[in-house]
Amino acid sequence: MAAVKETIEDVRNLEADKYKYGFTTDIEQDLAPKGLNEETVRLISGKKDEPDWMLKWRLEALERFMALKEPEWAKVDYPKIDYQDIHYYAEPKAGAKYDSIDDVPEEILADFAKLGIPLKEQEVLLGVKGSENRVAVDAVFDSVSVVTTFKAELAKAGVIFCSISEALRDHPDLVRKYLGSVVPASDNYFATLNTAVFSDGSFVYVPPGVRCPMELSTYFRMNAEGTGQFERTLIIADKGAYVSYLEGCTAPMRDENQLHAAVVELVALDDAEIKYSTVQNWWPGDENGKGGVYNFVTKRGDCRGKNSKISWTQVETGSAITWKYPSCILRGENSRGEFYSIAVTNGRQQADTGTKMIHLGKGTTSRVISKGISAGRSDQTYRGLVSVHGKAEGARNFTQCDSLLIGDQCGAHTVPYVECKTPKAVLEHEATTTKLSEDQLFYARQRGLDEEAATALLVNGFVREVLQELPMEFAVEAQQLLKVSLEGSVG
Amino acid sequence: MTAILTHTQAEKALIGALDGATGWRAHLREATQRDGLPTRRNEFWKWSDLRRAANDVSGVGRLDVTGLDGLTNVKDGDRIELAVAASAGASAADAALVVPAGASVTLVETLKGAAGSLGNWHMTIRLEAGARLDRVVITDHDADAVFVGSAEIELAETATLNQTMVDTGARLSRNETHVTHPGQGASITMGGAYVLAAGRHADTTNLVHHTGPGGVTQQLVKGAVASGGHGVFQGKFIVDRAAQQTDARMTHRALMLGERAEIDAKPELEIYADDVQCAHGNALGTLDETALFYMRQRGLPKARARALLIESYLAEPLDRVQDEALRERLKASLRARLGALI
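Protein chains in written order, with our numbering: chain Z, 23 to 513; chain R, 83 to 424.
What follows is the structure, given as structure tokens:
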């Protein structure tokens, strides 16, 4: 009985606020003038007191970007973006970075609290029993990182966790060594744009042999109107290190489209492991496709050392348009790449997402599990590449991508590319596309679940393999998100 | 915007060969004039660079087709044999076949490109209601031939298409089939096998467009590629919103037999209907060492054991050919190539 009641309440809550992150925070902000030009880049770089080489790198990227053409190969359709009509920088007026949590304006704290992000360390301690469940958070509000928690404790373990602007100031050599080494400025259209104008993001360095004592997390919040968010994340796991990192994203409901073009670079050296999880819930636009975030993101991990491992887990429920392919370059011998994805599209959302596994080293293995759910009038594409080079003897890949269609106005597409240049590799790929089984729905409904709850139950079963890969706390959140995203898709 | 295109000698030769052409050939001429021969920059030719492969082709060649008489007055039980041969130089030819309602017809096309040839062969086929076509395509190209065979096939309701291809490659050999599948009792079985020696390239590209409800499509392509060979498989199923209850399955499996073998595959699904069962599978690997060991233990020499294993692996799609004599002919041609390969 309790479960039924809970389900009913869940559904009622959803009716009340479909997208509960849609509020805006009223806070005075400093905005850079609209437009993409050298001045904007200089302004951003200047705000951060960046070294000369950074400014030079940015300006080169800007010059390159101006000469590039926007790619059109993805199976998404959107009106042309006016890159001159965007504020490339927005920061809370009181100054970008706060020395202590007590200095952070109440409005921002309240905003993050509404999102369920516990910034105050003591709250975290009070709220969660046991020390192993603590999560260190870097909170990025529009263009700036406002606060990073648990820094002192992490520092004790030797872990550096801070905003990338701080890292540029305090650890310039580390940043210079790795920044752009996985996703070069010339990588693709949106990565080039990001290189020119990125404003903030997280930086993580885990020293050799250290197992990061807690989960690290960044929370991205796009608040200001007419802005874009361009953050850059760089995570380095030195030899034998381990780190688990989670990012979450939300934005207010707005009629306009907001651009989010981020770059994430991961580097795993010998025997290191990075687990990167994303719960992406940018505002997807209303049911008629008005507004919503354009999520054009470049994410790539480089398994540089032997026996290293990078695992991507993503739950994608938001954004009007998603265009991202978290990838692994498996360079080190016996390195391993994993990609677990749940993508849900509803309304008029469009998603073109997947992964690339590039096997370069001997004995490299990869596993791709992708679950796509299309509902409403949405369109979703899995686009993936598994490439095995001539020297990758003993490489192994398993790919499974399943699509589920709910309703007859949506589309689900699968575009896998497989390239193999050695006989000593084994590659397997499977894909299926089906609808929810009428029999299973009937069974669940017979037992008293309404249609929506029954659908949510079956969908959760469909994606279970991926949910299992998420850190515990977020698996629960992700399940809730799935319910929200599919709300209204039945009947 | 469009870059000014300088035609290669092969392109000039092909345009010349198609001077005053009509129908499909006029279309080919126009496309070549406008875009040149396709390169890897063209998504549909991602792994088969035709422009580059045809680099050495010059002059106008001939594409001789014998057996064209068989395409007129087609009736139930007919067996049509077309021999298509391209001489050195660029050439193109096309033909059309209509299988009348209720008739069951076999069509065998043998494609043969000579050294230095760039042959283009196109069939337009229509199956009327209740018709059945067993189509078999066999290639027998010179190692220095470039040949593109393509077909546009349209099925009426309740028609059946059973297509099998055996491709032993060439400098570049591409077999492209586009089928319109109306569902409503129509069904398609298509597949084939490719065996590639060093320096040979074979590209199997298929598109099945499901436009009506209840269609069934089964596709199975298998391949074996020796060191220095290059196999390409591109499959695509489109399922329209109206094509509910479609049951479509695509499978591509291939063996890599040597160090520098390369296989590229893109099994694509594009689905707009919710009540469907669609699946694709793709597997690449090498010969099962345990099976090989087992056979050698029982006294079979290594080469013979390998040949047997590969042959049985590739036989699966060929077993769908109903005519026994034809089936044996296909297997024999594969066996001959395999013998030379091992």
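By construction, the Cβ of each residue, glycine as well, lies at the ideal position given by its N, Cα and C atoms.
Could you work out which residue in the options is closest to residue i when comparing CA atoms only?
i, options, result
"I220/R", "T206/R, R133/R, E236/R and L400/R", "L400/R"
"N288/R", "A241/R, G296/R, L150/R and L351/R", "L351/R"
"E237/Z", "N317/Z, P206/Z and L176/Z", "L176/Z"
"Q280/Z", "G250/Z, G202/Z and D260/Z", "G250/Z"
"V319/Z", "E253/Z, L503/Z, G483/Z and D424/Z", "E253/Z"
"L382/Z", "G406/Z, R389/Z, R353/Z and A365/Z", "R353/Z"
"L374/R", "Q359/R, Y395/R and A355/R", "Y395/R"
"P264/R", "R256/R, E163/R, G105/R and L243/R", "L243/R"
"L427/Z", "V159/Z, T62/Z, Y362/Z and N368/Z", "N368/Z"
"D107/Z", "W334/Z, E94/Z, C350/Z and T62/Z", "T62/Z"
"E112/R", "W127/R, E93/R and W129/R", "E93/R"
"P445/Z", "D346/R, M272/R, V290/R and A397/R", "D346/R"
"Y347/Z", "A500/Z, D104/Z, G327/Z and A373/Z", "A373/Z"
"V415/Z", "S459/Z, H435/Z and V448/Z", "Here residue 415/Z turns out to be Glu, not Val, going by the sequence shown. Answer by Cα proximity: V448/Z."
"A83/Z", "K178/Z, V205/Z, E452/Z and I103/Z", "V205/Z"
"K348/R", "L382/R, W129/R and G274/R", "W129/R"
"R411/R", "T192/R, V228/R and D160/R", "T192/R"
"D138/R", "R161/R, R378/R, W203/R and L96/R", "L96/R"
"R486/Z", "R469/Z, A466/Z, H435/Z and D424/Z", "D424/Z"
"C234/Z", "K173/Z, G270/Z and D222/Z", "K173/Z"
"G427/R", "T271/R, E258/R, R256/R and A252/R", "In the structure as shown, chain R begins at 83 and stops at 424. Residue 427/R is therefore absent and cannot be evaluated."
"D308/Z", "L288/Z, S203/Z and A342/Z", "A342/Z"
"V321/R", "G305/R, T299/R and H292/R", "H292/R"
Taking C-beta to C-beta, are residue i and residue j nearer than 8 Å?
i, j, result
"S239/Z", "L268/Z", "yes"
"A290/Z", "G262/Z", "no"
"N419/Z", "V437/Z", "no"
"S186/R", "D158/R", "yes"
"A268/R", "P295/R", "no"
"L200/R", "A177/R", "no"
"G143/R", "S169/R", "yes"
"I296/Z", "I332/Z", "yes"
"A308/R", "G340/R", "yes"
"G376/Z", "N356/Z", "no"
"Y15/Z", "I66/Z", "Not covered by the structure: residue 15/Z. The range shown for chain Z is 23 to 513."
"V190/R", "V156/R", "no"
"A283/Z", "L201/Z", "no"
"A336/R", "G311/R", "no"
"I186/Z", "Y227/Z", "no"
"G273/R", "R419/R", "no"
"G180/Z", "V265/Z", "no"
"W305/Z", "G313/Z", "yes"
"T217/Z", "R80/Z", "yes"
"E72/Z", "L190/Z", "yes"
"A294/Z", "S330/Z", "yes"
Would you mind giving the Cβ-Cβ distance between residue i and residue j, rounded to the nearest angstrom? I have them listed as a contact below 8 Å.
i, j, result
"A397/Z", "C432/Z", "6 Å"
"E338/Z", "I364/Z", "7 Å"
"T188/R", "D216/R", "5 Å"
"E450/Z", "A175/R", "That pair is no contact at about 40 Å."
"Y439/Z", "G406/Z", "7 Å"
Please tell me whether residue i has its Cβ less than 8 Å away from any Cβ of chain B.
i, result
"R134/R", "In the structure shown, chain B does not exist; the protein chains are Z and R."
- Task: Anything in the segment 391-410 of chain Z with a Cβ closer than 8 Å to a Cβ of chain R? List those residues in chain order, please.
- Result: none
- Would you list, in chain order, the members of the segment 428-444 of chain Z that have their beta-carbon closer than 8 Å to a beta-carbon of chain R? I428, G429, D430, Q431, C432, G433, A434, H435, T436, V437, P438, Y439, V440, E441, C442, K443 and T444
- Give, in chain order, every residue of the segment 283-295 of chain R whose Cβ lies closer than 8 Å to some Cβ of chain Z. none
- Query: Touching or not, the segment 320-332 of chain R and the segment 383-399 of chain R, by the rule of three or more beta carbon pairs under 8 Å?
  - Reply: no
- Along the segment 279-292 of chain Z, what residues have a CB closer than 9 Å to any CB found in chain R? none
- Where the segment 447-480 of chain Z meets chain R: residues whose CB sits under 8 Å from a CB there: A447, V448, L449, E450, H451, E452, A453, T454, T455, T456 and K457
- Query: At a cut of 8 Å, does the segment 482-500 of chain Z reach the segment 106-124 of chain R through at least three beta carbon pairs?
  - Reply: no
- Task: Inspect the CB distances between the segment 412-423 of chain R and the segment 244-260 of chain R and report whether three or more fall short of 8 Å.
- Result: yes
- Between the segment 334-348 of chain Z and the segment 300-317 of chain Z, do three or more beta carbon pairs fall short of 8 Å? yes
- Query: Using a beta-carbon distance cut-off of less than 8 Å, what residues from the segment 410-422 of chain Z approach chain R?
  - Reply: When C-beta distances to chain R are compared with 8 Å, the residues of the segment 410-422 of chain Z below that value are G412, in chain order.
- Task: Would you list, in chain order, the members of the segment 351-362 of chain R that have their beta-carbon closer than 8 Å to a beta-carbon of chain Z?
- Result: From the segment 351-362 of chain R, only L351, E352, I353, Y354, A355, D356, D357, V358, Q359, C360, A361 and H362 have a Cβ closer than 8 Å to chain Z.
- Item | Near-chain Z residues of the segment 197-227 of chain R (beta-carbon distance less than 9 Å), N- to C-terminal order | none
- Message: Along the segment 336-349 of chain R, where does the CB come closer than 9 Å to a CB of chain Z? Name the residues.
- Response: A336, L337, M338, L339, G340, E341, R342, A343, E344, I345, D346, A347, K348 and P349
- chain Z contacts from the segment 370-389 of chain R (Cβ-Cβ distance under 8 Å): none
- Task: Check each residue of the segment 177-195 of chain R: if its Cβ is closer than 9 Å to any Cβ of chain Z, include it; give the result in chain order.
- Result: none
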